[in-house]
Ligand code: NDP
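Numbering (the working numbering), first residue to last: 402 to 813.
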């Protein structure tokens with residue numbers, strides 16, 4: 402039994418909180434803390450109204466501020482801190498965990514606010530300090546990264562002597578019936594997909610123009626969808642942890658309308674992350690003043706909130722790993738995937754499928770930690786732990802997986 406502190410109160414945090422609350426055999430105390438306390442209270446109320454649990458605590462914290470985090474952690478004394486805020490807060494929360502003796506988990510790797518660039522080096526730099534403190538940090542425990550990394554570990558453990566080719570395929574075949582909306586935090590999402598593409602081949606990374614490489618792939622129960630090669634963070638740790646990999650790529654589907662909107666957003670400068678000056682009305686109504694705004698943050702404020710998409714969202718996601726490698730001297734292919742219905746996710750948690758596919762693995766990872774199955778000092782990507790108990794829980798907690806052997810992977 403353990404005490405968990407969830408930081409953040411967005412779509413992913415809501416799903417994780419609902420699921421953690423349902424895992425009462427493992428989590429005896431739960432607190433949700435975020436920048437806006439009323440959002441934490443709304444999650445606690447939702448969980449109470451569903452008849453799941455009525456003892457969830459809430460708190461206000463600015464996770465950019467280490468002293469505030471330290472004060473909260475010292476007062477609440479969680480066994481595990483689940484960082485489900487934004488990637489910008491990864492390092493401050495890790496630092497506060499070290500200062501207070503708490504274990505750490507997240508779903509996305511660190512990204513500085515002023516540079517649209519993510520990589521693990523910033524968080525891996527904490528390895529020695531976590532090891533020395535006897536604390537565990539679990540990195541990237543959502544779906545991708547997260548389940549896709551665990552699928553790869555499971556394939557390596559049970560189906561291959563050597564993995565040679567890894568393609569992670571992420572399809573959202575859902576429809577939220579809005580002209581344009583992102584499925585998770587718009588700022589983080591638009592930063593991610595407007596970057597250059599990147600994949601790993603024969604020991605080197607190869608850069609592409611954004612969305613330059615694309616291919617039609619068939620997804621189970623969905624059909625053909627145009628899939629675009631993107632840079633995605635799990636590739637970075639997987640090629641290190643599975644050095645037999647010759648090539649690793651990540652593909653995500655986008656509809657033509659979405660790409661057209663994205664093109665316009667970029668061309669009119671609304672995806673910029675630098676500050677621009679702007680004439681805004683003064684708060685006291687006495688004229689205008691010069692203020693600074695970051696266009697992408699402004700855009701986030703006017704786009705639909707991903708948490709509000711759930712009600713009218715239909716269709717499903719289909720995310721998996723397509724793997725080619727060697728077992729007993731023979732080449733085999735393997736495709737392991739989950740399909741998740743947006744409506745079913747909404748009915749259970751009030752959130753759409755993308756939040757659900759991220760929040761459920763975060764809850765399972767926390768469960769693995771609390772049970773002592775995933776707990777070793779240091780900073781670890783999820784594929785470094787035993788995949789079997791996690792895979793078993795996926796089937797029980799709402800994200801069942803399917804596997805296909807020796808099929809055409811559609812990717813040479
Ligand atoms: P949201 O924008 O819906 O929620 C983010 C939450 O973090 C908000 O409640 C926000 O507070 C809070 N927050 C932001 N800054 C701070 C701060 N300084 N201090 C305290 N709280 C803060 O995002 P999502 O729920 O969609 O995503 C959450 C995380 O999940 C992101 O890191 C995202 O990258 C990751 N993710 C991972 C995926 C995976 O498969 N691995 C897939 C999808 C998302 P406020 O409400 O006040 O704004």
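All C-beta atoms, glycine included, are put in the ideal place defined by N, C-alpha and C.
Evaluate contact between the segment 630–650 and the segment 593–613, counting only Cβ atoms and requiring at least three cross-stretch pairs below 8 Å.
Because the criterion of three Cβ pairs below 8 Å is met, the segment 630–650 and the segment 593–613 touch.
Which residue's Cα is closest to the Cα of residue 754: 764, 573, 642, 679?
For residue 754, the closest C-alpha among the options 764, 573, 642, 679 is that of 573.
Helix, strand or coil for residue 796? Go by DSSP, reduced to three states.
When DSSP states are grouped into helix, strand and coil, residue 796 belongs to the helix group.
Counting C-beta neighbours from all protein chains within 10 Å, is the total for residue 719 16 or more, i.e. buried, or is it exposed?
It counts as buried.
8 Å Cβ cutoff met for residue 617 and residue 722
Between residue 617 and residue 722, the C-beta spacing is not below 8 Å.
When you compare the CB positions of residue 638 and residue 521, do they come within less than 8 Å of one another, or not?
Contact annotation: residue 638 and residue 521 have beta-carbon atoms nearer than 8 Å.
Alpha carbon to alpha carbon, how far is residue 533 from residue 670?
Cα-Cα distance, rounded: 46 Å.
Beta-carbon contacts of residue 526 that lie in its chain and below 8 Å, excluding the five residues immediately before and after:
No residues qualify anywhere along the chain.
Selection from 481, 780, 764 that minimises the alpha carbon distance to residue 797
Considering only 481, 780, 764, the residue with the shortest C-alpha distance to residue 797 is 764.
By the three-class DSSP mapping on this structure, what secondary structure does residue 433 have?
Reduced to three states, the DSSP call for residue 433 is strand.
Can you tell me whether DSSP reads residue 542 as helix, strand or coil?
Coil at residue 542, not helix or strand.
Got a sec: does ligand 1 put a non-hydrogen atom nearer than 7 Å to the Cβ of residue 485?
Of the heavy atoms belonging to ligand 1, at least one sits nearer than 7 Å to the Cβ of residue 485.
Grab me the residues of residue 707's own chain with a C-beta within less than 8 Å of its C-beta, minus the 5 sequence neighbours each way, in chain order.
Correct list, in chain order: 411, 412, 582, 583, 584, 585, 586, 587, 753, 755, 756.
Euclidean distance between Cα positions of residue 424 and residue 470:
For residue 424 and residue 470, the distance between alpha carbons rounds to 25 Å.
Assign residue 681 to buried or exposed, taking buried as 16 or more other Cβ atoms, counted over all protein chains shown, within 10 Å of its Cβ.
Around the beta carbon of residue 681, fewer than 16 other beta carbons lie within 10 angstroms, which makes this residue exposed.
What span of residues does the beta strand (DSSP E) with residue 717 cover, start to end?
Element bounds for residue 717: 717–728.
DSSP on residue 673, reduced to helix/strand/coil?
The three-state secondary structure of residue 673, taken from DSSP, is coil.
Which residues bound the beta strand (DSSP E) around residue 482?
Run containing residue 482: 481–484, per the beta strand (DSSP E) assignment.
Buried or exposed by the 16-neighbour rule on C-beta atoms within 10 Å, applied to residue 468
Exposed is the call here.
Residue 592 (DSSP reduced to helix, strand or coil)
In the structure shown, residue 592 sits in a helix (DSSP, three-state: H, G or I).
Say yes only if the C-beta of residue 440 is nearer than 7 Å to one or more non-hydrogen atoms of ligand 1, and no if none qualify.
Yes, the beta carbon of residue 440 sits closer than 7 Å to at least one heavy atom of ligand 1.
Comparing C-alpha positions only, which one of 594, 614, 640 sits nearest to residue 662?
The shortest C-alpha separation from residue 662 is found at 594.
Quick one: what does DSSP say residue 462 is sitting in, helix, strand or coil?
The DSSP-derived three-state label of residue 462 is coil.
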